[in-house]
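Participant: I'd like to ask you about the structure that follows.
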Amino acid sequence: MKKNVMKKYFIEQALLVVAILLGIYGNDFLKGISGILLIIATVMLFFIVADEFSEKK
40 MKKNVMKKYF
50 IEQALLVVAI
60 LLGIYGNDFL
70 KGISGILLII
80 ATVMLFFIVA
90 DEFSEKK
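Every position in the sequence shown, counted from 1, becomes a number in the working numbering once 39 is added.
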């Protein structure tokens, strides 16, 4: 994997950690934000993987 891809994975994983922690320890408003962050992280992961597999060799 390229360094740029690893950076994207790191950002995605950090988003997931923040979303999970907000979901566990937050009030209702923060749990709503947590859901939005989970959706963003999932879409981000989909595009990272799609970009990896679509690279021309």
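By construction, the Cβ of each residue, glycine as well, lies at the ideal position given by its N, Cα and C atoms. Note that the coordinates shown come from a computational prediction; the quantities given were computed from them, not determined experimentally.
#1: Just the Cα atoms here: how many angstroms apart are Glu51 and Ile79?
#2: Hey, how far is the Cα of Leu48 from the Cα of Ile87?
#3: Taking all protein chains shown into account, decide if Leu61 is buried (16 or more other Cβ within 10 angstroms of its Cβ) or exposed.
#4: Can you tell me where the alpha helix (DSSP H) with Lys42 in it begins and where it stops?
#5: Taking Cβ positions only, does Asn43 come closer than 8 Å to chain B?
Facilitator: Quick answer:
#1: 9 Å
#2: Rather than Leu, the amino acid found at residue 48 in this sequence is Tyr. Taking the straight line from one Cα to the other gives about 8 Å.
#3: buried
#4: 42-64
#5: Although the question refers to chain B, the structure presented lacks it and comprises just one protein chain.
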